[in-house]
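In the UniProt record's numbering, the protein residues as written are 1 to 120. Comments concern the structure below.
Here's what the structure looks like:
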């Protein structure tokens, strides 16, 4: 996969306790279908953990590795996102997000819609 995947334990509704994290596992090795899409609310303790997290891929300290260490000290929770999500880390995802946002703008949305129809 392109994303980190959590090993979840449902707490209630869309809230999960994170039991573990897998950084970009093969689909058949993923502990769930719940991906980490890059939004975190972290307590200050993460900075202490980052200080002792050894460098990983490309000799950089990886947040996923730090979160694995933090899991040994405290509970981590996840929220299952509901809505439209764009992967702005890829050229196509960025373009999709830009077009979707632009189409909703009252000053240019209709003109853009007409232009896109002409292209198709």
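Yeah, the Cβ is synthetic: ideal placement off N, Cα and C, and Gly gets one too.
In the three-state reduction of the DSSP assignment, residue 93 falls in the helix class, which pools H, G and I. The beta carbon of residue 75 sits closer than 7 Å to the beta carbons of 17 from its chain, once the five residues preceding and following it are set aside; these are given in chain order.
Judged by DSSP in its simplified three-state form, residue 59 adopts helix. Shortest Cα-Cα distance from residue 81 to any of 65, 38, 20 and 19 involves 38. C-alpha of residue 70 to C-alpha of residue 46: approximately 7 Å in a straight line.
In the structure shown, residue 85 falls within a coil segment according to DSSP collapsed to helix, strand and coil. Residue pairing by DSSP places residue 10 opposite 16 in a beta bridge. In the displayed model, residue 102 falls within a helix according to three-state DSSP.
Residue pairing from DSSP places residue 21 in a beta bridge opposite 6.
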